[in-house]
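Trainee: Before anything else, here's the structure in question.
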Amino acid sequence: MASARGGDLDAYEVLVVRYSPLAHRTAVLFGAGDDAPDVVQEAFVKAFRSLRRFREGAAFRPWLLQIVVNETRNLHRSRSRRATLAARVVALGGSGPAEVSGADVEALAHERRAALLAAVQALPERDRAVVTCRYLLELSESETARALGWPAGTVKSQLSRALDRLQAMLAGDSAESGRSGGPRADRERR
Amino acid sequence: MTAGMDHSGLEEELRELGRLLVLPPAPDVSGAVRERLAGQPPRAPRRAPRWAVPVAAAVAALLALLAATPAGQAAVARLWEFAGVVVRSGAPATPAPPGGAGTLPGQSRQDLATARRQAGFPILVPRRLGTPDVVLVADGGRVVSLIYRTGPGRPPAGTGGVSARLDEFDGTLDPVFEKVIAAPDVQVVDVNGSQAVWVPGPHSVTYLGRDGGYHEESAHLAANTLIWQSGRVTLRLEGAFSLPAALAVARSTT
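So the sequence lines, in the order shown, correspond to chains A and B. Every number in my numbering is 246 more than the matching position in the first sequence, counting from 1. Every number in my numbering is 13 more than the matching position in the second sequence, counting from 1.
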C-alpha cells in the first residue's frame, strides 16, 4: 500500500488485479449490468487518484467497494434506469441423475432459489443493498457499513429488518403461488 | 413478522444463493487503468461488447418470466439450464424427504405413447438403454425426460437408484458447440456427424451461452454428461457412462 500511495503504478496494478473480480461482482450485483467493466475501471482510477485521502491502516477492500457502489449509483442516476440484479437465477444448477423424487427435490430447490432471488430484487433499496453486501458478497458487518457509507451500528438493524421482510415475502409467495413480483408497495426511502 | 426472529437458515440460503449466481466473468481492467493513470488521454468508455444487448434483453425477458408463478420459475430455470446457459452447481444430490417431494412444477409423468402425443417434437429413444422406466413431460411438451433405473446394458446407479437420465429439449444451441472453452477434460466429440460435448466429472466450465454471453461457473457434475443435437432436438444424457458407452447410447438414439 505504501508504495502505491507513492504513485507506484506497478504496486497499484497488483491491487487492481487482486480486487477486480470482487469489484466487478459488486458492480453487477448493484445493477451496473453491461456497464460493470466501465464502473470497475472508473472506480480503480478514482481510488488511485484519491489514495491521498485514504486513511493509513484502513482496509482497501471496503473502501474500494464503496467507490464501486457509488459509481454504480451514479450510473443509475445518469441513465435514469436501474438495471435489475443482473444475476441469472438460471445459473442455479442441480445435481446429477438422482431418483425421480430426487429430481423433484432439485426442482424445488431451484424454485426456492428463484423465489429468493426475486424477493431480494423486490426489496426496498436499503434492504437490498445490505443483503447484497452481507450475504451475496459475503462482506463482514464492518465492511458492509464501509461499502455502503453507513454508520457502523446501522448494518445490524437494517439487516434484521431486511431478513424479516424477506421471510414475509417468501411466506406470502408460497401462500399465494402465482402472484407476480413481491410487496413493492412498502418501498421505503430513507 | 417480529424483528429478532431466528434467520440463520435464511442467512445461509442467501450466502448459498450468492455462491450459485453466475455472473459475467470479470474483465481485466488493469491495462486500461494503468494507461489512464500514466497520464495518457482518458480512453473513451469501452464500448459494450456486441453480445451485451442480447444478454440484457435475455436477462430482462428472463426476469419477467421469473416474476411469474413458481412453476414458471422452475420451468424457466430448467429450460435455460438445458440450453447450455447453465453449468451445474455443486449441490450434492439431495435425498428425497420421506413421503416423496411432490412433482416438478409443470412436469407430469406419462407413459411413452402419451408423451409422444404431448411433446412438441419427436421423442428420441436410445435403443441401447431399452425402455425408459419413467417418462416425464414438462413445459407444455417442450422438455421430455427419460429416466432409467439399473438394468442390463445400463451404468451402475448413482445415489437414488437412477442409472441414467436423458433430457430432450425442443430447440438447438449452436453457439455452445462452437465455443466450448472449458477445463481440459471437456471434449468436443462427434455424434452422427454433428458436434457434441462430453463433460466428465466435476470441473469448472466457461462457455458461450444461448444468450450470446460467456458464462463461468464452478461445476461439480455428479455424473458424466453428453450433450448433442439431433435435428431440432437437443439431448443431454447423464449417468456413470464412459465416453464410448455414452456415444454408443447417443448413436443408438432414434
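All residues carry an ideal CB built from backbone N, CA and C; glycine is no exception.
#1: Which residue's Cα is closest to the Cα of A/Gly279: A/Ser296, A/Glu259, A/His322 and A/Arg298?
#2: Using only alpha-carbon positions, find the residue among A/Leu416, A/Asp410 and A/Gly418 that is nearest to B/Asp19.
#3: Would you mind sorting B/Ala104 into buried or exposed? The rule is 16 or more other CB atoms within 10 Å of its CB.
#4: Kindly indicate if chain B contains any beta-carbon less than 9 Å away from that of A/Ala269.
#5: For a test of the three-state rule: what should DSSP assign to A/Gly395, helix, strand or coil?
#6: With 16 other CB atoms within 10 Å as the buried threshold, where does B/Gly164 fall?
#7: Please report whether the beta-carbon of B/Glu26 lies at a distance below 9 Å from any beta-carbon of chain A.
#8: Using the beta-carbon count (16 or more within 10 Å), is B/Pro169 buried or exposed?
#9: If we ignore side chains and look at the alpha-carbon of each, how far apart do A/Asn320 and A/Ala273 end up?
#10: So what's A/Gly418 in DSSP terms, helix, strand or just coil?
#11: For the pair the stretch 384-403 of chain A and the stretch 308-315 of chain A, tell me if three or more CB-CB distances fall below 8 Å.
#12: Give the single residue among A/Val291, A/Arg271 and A/Leu405 whose Cα lies nearest to the Cα of A/Pro370.
#13: B/Gly252 and B/Ala259 - do their beta-carbons sit closer together than 9 Å?
#14: According to DSSP, is B/Asn237 part of a helix, a strand, or is it coil?
#15: If you compare alpha carbons, which of B/Gly133, B/Val46 and B/Gly52 is closest to A/Pro283?
#16: Whole angstroms are fine: how far does the CA of B/Arg155 sit from the CA of B/His134?
#17: Would you say B/Leu33 faces chain A, with C-beta separation under 9 Å as the test?
#18: Could you check whether the Cβ of A/Asp410 sits closer than 9 Å to any Cβ belonging to chain B?
#19: Since A/Ala293 and A/Glu317 are thought to touch, with beta carbons under 8 Å apart, how far apart are those beta carbons, to the nearest angstrom?
#20: Just grab the DSSP bridge partners of B/Phe182 for me.
#21: In whole angstroms, give me the CA-to-CA distance for B/Thr247 and B/Leu30.
#22: If you drop the 5 nearest sequence neighbours on each side, which residues of the same chain put their C-beta closer than 7 Å to that of A/Val315?
#23: Tell me the residue span of the beta strand (DSSP E) that contains B/Leu149.
#24: What does DSSP give as the partner residue(s) for B/Ser207 in the beta ladder?
#25: Where A/His356 and B/Leu33 are concerned, what is the direct C-alpha to C-alpha distance, given to the nearest angstrom?
#26: From the beta carbon of B/Arg49, is the nearest beta carbon of chain A less than 9 Å away?
#27: Please classify A/Ala304 as buried or exposed, where buried requires at least 16 other C-beta atoms within 10 Å of its C-beta.
#28: Between the C-alpha atoms of B/Thr238 and B/Thr144, what's the straight-line distance to the nearest angstrom?
#29: How would you call A/Glu389, buried or exposed, if buried means at least 16 neighbouring beta carbons within 10 angstroms?
#30: Rounding to the nearest angstrom, what Cα-Cα distance links B/Trp241 and B/Ser121 in this structure?
#31: At a Cβ threshold of 9 Å, is A/Gly342 touching chain B?
Mentor: The short version:
#1: The residue with the shortest Cα to Cα distance from A/Gly279 is A/His322.
#2: Answer by Cα proximity: A/Asp410.
#3: With a pLDDT of 29 at B/Ala104, under the threshold of 50, the modelled position of this residue cannot be trusted, and the question is left open.
#4: Judged by the 9 Å Cβ criterion, A/Ala269 is in contact with chain B.
#5: Correct three-state label for A/Gly395: coil.
#6: Result: exposed.
#7: B/Glu26 counts as touching chain A.
#8: The residue is exposed, with fewer than 16 neighbouring Cβ atoms inside 10 Å.
#9: Going by the C-alpha atoms only, they are around 12 Å apart.
#10: Per DSSP, reduced to three states, the secondary structure at A/Gly418 is helical.
#11: The stretch 384-403 of chain A, when compared against the stretch 308-315 of chain A, does touch it at the 8 Å Cβ threshold.
#12: Of the candidates A/Val291, A/Arg271 and A/Leu405, A/Leu405 places its Cα closest to the Cα of A/Pro370.
#13: Taking 9 Å as the Cβ cut-off, B/Ala259 and B/Gly252 qualify as a contacting pair.
#14: Note: B/Asn237 maps to strand in three-state DSSP.
#15: Looking at the Cα atoms, B/Val46 is the closest of the given residues.
#16: Position check: residue 134 of chain B holds Phe in this sequence, whereas His was assumed. If you take the alpha carbons of B/Phe134 and B/Arg155, they lie about 8 Å apart.
#17: Closer than 9 Å: yes.
#18: With respect to chain B, the C-beta atom of A/Asp410 has a partner C-beta closer than 9 Å.
#19: About 10 Å separates the CB atoms of A/Ala293 and A/Glu317; that is not less than 8 Å, and the two are not in contact.
#20: According to DSSP, B/Phe182 bridges with B/Val156 and B/Thr247.
#21: Computed Cα separation, rounded: 28 Å.
#22: Excluding positions up to five away in sequence, the list reads Thr272, Phe276, Ala393 and Leu394.
#23: For B/Leu149, the enclosing beta strand (DSSP E) starts and ends at Val147 to Ala151.
#24: B/Ser207 pairs with B/Val204.
#25: Using only the alpha carbons, I get a separation of about 11 Å.
#26: The Cβ of B/Arg49 sits closer than 9 Å to at least one Cβ of chain A.
#27: If you draw a 10 Å sphere on the C-beta of A/Ala304, you find fewer than 16 other C-beta atoms in it, and that means exposed.
#28: Looking at the backbone, the Cα of B/Thr238 and that of B/Thr144 are separated by about 20 Å.
#29: Buried, since its Cβ has 16 or more Cβ neighbours within 10 Å.
#30: In a straight line, the C-alpha of B/Trp241 is about 24 Å away from that of B/Ser121.
#31: Note on A/Gly342: pLDDT 32, under 50, position unreliable in the model; the coordinate value appears next. Using a CB distance cut-off of 9 Å, A/Gly342 counts as an interface residue toward chain B.
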